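> Got a structure for you, written out below as structure tokens; questions coming shortly.
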């Protein structure tokens with residue numbers, strides 16, 4: 005910045021400094037000048053008073069002028085004027101300016117101006133001169149009063165009176181000095197206050213700018229680099245990697261089940277865990293290695309100057325040991341596990357963005373495999389991810405185009421072989437790929453949250469179809485955990501029932517044990533609200549989880565559906581057969597309806613009939629098809645071959 009530009013930028017400060025300097029100079033010099041004027045005015049006043057007193061006594065004046073020996077009488081005249089206590093001495097000069105009388109030696113340092121006035125007594129008015137002594141025991145300030153003496157209008161001589169002005173000068177000096185000090189103090193305050201305020205604001209602005217610059221490159225919670233800074237530093241490291249012909253390992257690390265940690269220790273405890281993990285990871289790094297918090301509970305690590313895979317495994321050993329000790333959170337000990345995805349450069353990417361993305365893909369595979377593991381990137385993972393993203397994109401379009409259809413698989417009372425209801429199943433009719441089974445898109449819809457609008461659409465369509473079925477046929481609709489997590493599912497169901505006119509007792513909502521694994525109390529509260537609406541609640545895929553029996557004890561399900569894997573294997577596996585028989589007996593004791601899924605053979609149907617299973621569904625009784633008409637089933641169970649032929 006040039007000097008001119010700098011001056012323009014700070015012109016307001018330059019003007020303030022110049023004005024302050026002028027005020028300061030004035031405050032210092034003005035009191036001295038004003039004091040001198042005040043002393044001169046006071047001396048002139050004294051001269052006029054003395055002259056007036058002399059004119060009152062012309063005889064004394066005539067005697068003194070004609071007989072200088074009588075000049076001491078002037079002291080009386082001076083006393084009458086009130087200045088005798090300040091009188092230093094007085095002198096009488098004749099008409100020619102010769103000294104005729106003096107009251108004593110003065111020891112005063114006088115200038116040449118007094119002699120000039122006396123030598124040229126042209127003025128008829130009294131004149132004064134002010135003097136300042138340079139030292140000694142005499143007065144520090146005094147004035148000479150040169151008073152012309154005249155009789156009958158004719159000037160006859162000059163009287164010079166020396167008055168002590170030390171006290172007056174001191175008083176004026178103190179007075180105007182105080183004024184000057186106050187002025188300078190106010191000036192100082194006037195300058196210092198805005199200057200201090202401006203300096204404070206400037207410091208705050210600099211600190212804020214520094215904080216902004218810091219936050220641009222660092223994570224506010226852990227103090228580690230953020231995604232942006234990590235990407236830039238990784239890009240620089242990869243430039244050196246190509247020059248030095250070394251390798252870089254990029255690791256994405258994610259905390260397993262971090263939501264449970266947050267819930268157990270509240271969010272402040274979760275923040276503490278994140279900070280502690282960041283510190284522990286840093287302790288395992290070598291000089292030059294990079295670390296960042298990408299967001300949430302995900303961290304990124306770059307191991308630079310890698311020679312072989314052994315360097316990566318050595319780091320993983322250090323990392324595992326660093327994260328093994330429990331974390332102290334809110335007076336609790338918590339064990340934390342992590343999942344790690346690893347990509348190697350340049351093999352898995354020759355730029356920072358690519359290798360970081362590939363490590364994220366590997367992390368997703370590690371999390372998908374159950375967590376608490378590490379996974380190296382493979383090209384097949386990227387292809388699978390691209391396919392998954394394509395499905396997600398097509399799925400979003402399909403929701404807008406209404407490419408979905410609801411089909412129904414009938415459910416039968418096993419004893420009477422009469423249809424009691426149907427389960428609603430969704431199918432996707434893709435304009436290019438044709439009909440797509442739920443197994444190819446439901447998981448994507450779950451992960452992306454699209455299952456919520458899709459599930460609500462299926463619920464509304466199923467209720468709209470079922471309202472035209474003859475009573476007492478029911479329609480069973482599957483609910484996703486996401487529908488419980490996002491929004492008010494009870495309000496949604498109530499709205500759909502009111503809109504379609506379907507009686508609540510003809511709607512059955514199916515849930516899986518996965519819904520109850522997390523936030524059990526909240527889910528159970530929502531299930532109770534659904535029961536209050538009058539709808540039935542069924543547990544689907546019973547027996548595949550770890551806590552199915554405990555959930556039966558905590559919530560009064562209307563129906564339990566035995567998973568198809570037990571039905572498939574019970575004819576040849578005694579253990580499976582015993583499990584099915586036990587579940588059916590348990591349902592009877594709890595007064596819960598049991599439905600066996602996946603019944604495909606007459607042998608399975610016969611065995612279930614022997615065990616007393618109330619309801620069945622499966623290919624033996626019909627394939628999923630368009631909206632049910634509610635017609636009565638055949639008197640006898642058809643063979644699976646015949647059922648498939650009719651379905652075709």
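In our numbering, the protein residues as written are 5 to 652.
Cβ coordinates follow ideal geometry from the N, Cα and C atoms, glycine included.
It should be emphasised that the depicted structure is a prediction, and the values quoted were computed from it without experimental measurement.
Let me confirm a value: residue 150 is counted as buried when at least 16 other C-beta atoms fall within 10 Å, else exposed. Which label applies?
Position 146 of the chain shown, counted from the start, is the residue given in the question as residue 150. The residue is buried, with at least 16 neighbouring Cβ atoms inside 10 Å.
> What separation, rounded to the nearest whole angstrom, lies between the Cα atoms of residue 433 and residue 445?
By one-based count along the chain shown, residue 433 stands at place 429. By one-based count along the chain shown, residue 445 stands at place 441. Rounded to whole angstroms, residue 433 to residue 445 spans 12 Å at the Cα level.
> Rounding to the nearest angstrom, what Cα-Cα distance links residue 60 and residue 54 in this structure?
What you label residue 60 is simply residue 56 of the chain shown in a count that begins at 1. What you label residue 54 is simply residue 50 of the chain shown in a count that begins at 1. Each residue's Cα considered, the two are about 10 Å apart.
> Would you kindly work out how many angstroms separate the C-alpha atoms of residue 618 and residue 474, rounded to a whole number?
As a first step, residue 618 must be located in the chain shown, where it is residue number 614. As a first step, residue 474 must be located in the chain shown, where it is residue number 470. Their backbone Cα atoms lie some 21 Å apart in a straight line.
> Should residue 1 and residue 344 be called a contact, given that it needs their Cβ atoms to be closer than 8 Å?
With the chain covering only 5 through 652, there is no way to say anything about residue 1.
> Taking 8 Å as the cut-off, decide whether the C-beta atoms of residue 372 and residue 512 are in contact.
Residue numbering aside, residue 372 sits at position 368 when the chain shown is read from its first letter. Residue numbering aside, residue 512 sits at position 508 when the chain shown is read from its first letter. No, the pair does not count as a contact, with Cβ atoms beyond the cut-off.
> Within 10 angstroms of the Cβ of residue 290, are there 16 or more other Cβ atoms? Answer buried if so, exposed if not.
Numbered from its first residue, the chain shown carries residue 290 at position 286. Flag for residue 290 reads exposed.
> Nearest CA to the CA of residue 495: which residue from 135, 530 and 525?
The count along the chain shown starts at 1 and reaches residue 495 at position 491. Looking at the Cα atoms, 530 is the closest of the given residues.
> Using only the alpha-carbon positions, how far apart do residue 508 and residue 223 sit?
Counting from one through the chain shown, the residue named residue 508 turns up at place 504. Counting from one through the chain shown, the residue named residue 223 turns up at place 219. Approximately 51 Å between the Cα atoms of the pair.
> Residue 653 by DSSP, collapsed to three states: which one?
Given that the chain is displayed from residue 5 to residue 652, the structure contains no residue 653 and the question cannot be resolved.
> In the DSSP assignment, what residue or residues form a beta bridge with residue 303?
Counting from one through the chain shown, the residue named residue 303 turns up at place 299. Answer by DSSP bridge pairing, in chain order: 257 and 297.
> Please return the same chain residues whose Cβ sits closer than 7 Å to the Cβ of residue 280, not counting the five positions on each side in sequence.
The sequence position of residue 280 within the chain shown is 276, counting from 1. Correct list, in chain order: 331.
> Where does residue 432 sit, in a helix, a strand or coil, going by DSSP?
Residue 432 sits at position 428 when you count from the first residue of the chain shown. Here residue 432 sits in strand by DSSP.
> Name the DSSP bridge partner or partners of residue 320?
Here residue 320 refers to the residue found at position 316 when the chain shown is read from its first residue. Answer is none; residue 320 lacks a bridge partner.
> Any chance the stretch 560 to 577 sits against the stretch 592 to 611, with 3 or more Cβ pairs inside 8 Å?
A contact exists between the stretch 560 to 577 and the stretch 592 to 611.
> Is residue 589 helix, strand or coil when you go by DSSP?
Here residue 589 refers to the residue found at position 585 when the chain shown is read from its first residue. Residue 589 falls in the helix class under three-state DSSP.
> Under 8 Å between the Cβ atoms of residue 491 and residue 456?
Indexing the chain shown from 1 puts residue 491 at position 487. Indexing the chain shown from 1 puts residue 456 at position 452. Yes, these two residues count as a Cβ contact at 8 Å.
> Are there 16 or more other CB atoms within 10 angstroms of the CB of residue 282, so buried, or fewer, so exposed?
By one-based count along the chain shown, residue 282 stands at place 278. Residue 282 comes out buried.
> Have a look at residue 499 and residue 534 and give me their C-alpha separation to the nearest angstrom.
Locating residue 499 in the chain shown gives position 495, counting from the first residue. Locating residue 534 in the chain shown gives position 530, counting from the first residue. Cα to Cα, the separation comes out at about 12 Å.
> CB-CB under 8 Å to residue 367, same chain, minus the five flanking residues each way: which ones, in chain order?
Residue 367 sits at position 363 when you count from the first residue of the chain shown. 256, 257, 258, 302, 343, 344, 345 and 379.
> Secondary structure at residue 481, three-state DSSP: helix, strand or coil?
The residue you call residue 481 lines up with position 477 of the chain shown. Three-state DSSP puts residue 481 in a strand.
> Where do the ends of the beta strand (DSSP E) carrying residue 133 lie?
In the chain shown, the residue the question calls residue 133 occupies position 129. Start and end: 131 to 136.
> Check whether the stretch 308 to 318 touches the stretch 353 to 360, counting contact only when three or more Cβ pairs, one atom from each stretch, lie closer than 8 Å.
As far as the Cβ criterion goes, the stretch 308 to 318 does not touch the stretch 353 to 360, which means the pair count is below three.
> Please list, in chain order, all residues of the same chain as residue 66 whose beta carbon is under 7 Å from its beta carbon, the five residues on each side excluded.
On the chain shown, position 62 is the one that residue 66 refers to. The answer, listed in chain order, is 155.
> Please say whether residue 311 and residue 250 have beta carbons closer to each other than 8 Å?
Within the chain shown, the letter at position 246 stands for residue 250. Within the chain shown, the letter at position 307 stands for residue 311. Yes; because the gap between Cβ atoms is below 8 Å, this pair is in contact.
> Quick one: residues in its chain with C-beta nearer than 6 Å to the C-beta of residue 288, no 5 flanking neighbours on either side, listed in chain order?
Counting from one through the chain shown, the residue named residue 288 turns up at place 284. Here the set comprises 322, 323 and 326.
> Output needed for residue 39: all residues of its chain with C-beta closer than 8 Å, excluding positions within five of it in sequence on either side, in chain order.
As a working note, residue 39 is residue 35 in the chain shown. Contacts found: 173, 176, 177 and 180.
> So what does DSSP say about residue 642, is it helix, strand or coil?
For the purposes of this step, residue 642 is identified with residue 638 of the chain shown, where counting begins at 1. Legend: pLDDT at residue 642 = 35, less than 50; position of this residue unreliable, value from coordinates given subsequently. Three-state result, residue 642: coil.
> Assuming residue 562 and residue 542 form a contact by the criterion Cβ under 8 Å, report the distance between their Cβ atoms to the nearest whole angstrom.
As a first step, residue 562 must be located in the chain shown, where it is residue number 558. As a first step, residue 542 must be located in the chain shown, where it is residue number 538. Rounded, the Cβ-Cβ distance is 6 Å, consistent with contact.
> Taking the alpha-carbon of residue 297 as reference, which of 314, 313 and 275 has the nearest alpha-carbon?
In the chain shown, residue 297 corresponds to position 293, counting from 1. Nearest C-alpha to residue 297: 275.
> Helix, strand or coil for residue 457? Go by DSSP, reduced to three states.
The residue labelled residue 457 in the question sits at position 453 within the chain shown. Three-state DSSP puts residue 457 in a helix.
> Would you mind reading off the limits of the beta strand (DSSP E) that contains residue 333?
Counted from its first residue, the chain shown places residue 333 at position 329. Start and end: 331 to 333.
> Do residue 160 and residue 99 have their beta-carbon atoms positioned less than 8 Å apart in this structure?
One-based indexing of the chain shown puts residue 99 at position 95. One-based indexing of the chain shown puts residue 160 at position 156. Yes, the pair counts as a contact, with Cβ atoms nearer than the cut-off.
> Tell me, to the nearest whole angstrom, how far the beta carbon of residue 1 is from that of residue 260; I am working on the premise that it is less than 8 Å.
It is not possible to answer for residue 1, since the shown part of the chain is limited to 5 through 652.
> Do residue 347 and residue 245 count as a contact pair if the criterion is CB distance below 8 Å?
To locate residue 245, count along the chain shown from 1; it is residue 241. To locate residue 347, count along the chain shown from 1; it is residue 343. Cβ distance not < 8 Å, so residue 245 and residue 347 don't count as in contact.
> For residue 4, which of helix, strand or coil comes out of DSSP?
Because the chain in this structure spans residues 5 to 652, residue 4 falls outside the shown range and cannot be described.
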